[in-house]
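Undergrad: Take the sequence shown: its letter number 3 is residue 3 in the UniProt record's numbering, and every next letter is one higher. Every residue gets a Cβ at the ideal spot worked out from N, C-alpha and C, and that includes glycine.
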Amino acid sequence: MECEFILSYINGSHLIKEEYAEILEQHLVICSTCQELYEIMGDLPSIEEDLFSIEMKARILAKVFEEDHPTS
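1) Identify which residue in Ile54, Phe5 and Thr33 has its Cα closest to the Cα of Tyr20.
2) Could you check the C-alpha separation between Lys17 and Glu2 for me, to the nearest Å?
3) Please confirm whether Glu24 and Gln35 have their CB atoms less than 8 Å apart.
4) Ile10 and Met41 look like a contact to me (Cβ under 8 Å); what is the Cβ gap, rounded to whole Å?
5) Helix, strand or coil, according to DSSP, for Cys31 in the structure here?
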């Protein structure tokens, strides 16, 4: 049953009560599937931040160039 809640735990969900978080931490020690998921998910925030930064930079530059060269 713990496996179905591991994503919420990894993502830091505030919906998981502190007592249940302790159970999930213990489960993570013994479940190789959840350990692998934990490792994979641990890399996602940095990937997401990189993508967000690239997309944000592109939108900002597009807006700046749009203001420099109005189409109407």
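TA: According to the structure data:
1) In terms of CA proximity to Tyr20, Phe5 leads the group Ile54, Phe5 and Thr33.
2) 13 Å
3) The question names Glu, yet the displayed sequence has Leu at residue 24. It is not a contact, given that the beta carbons lie outside the stated cut-off.
4) 5 Å
5) coil
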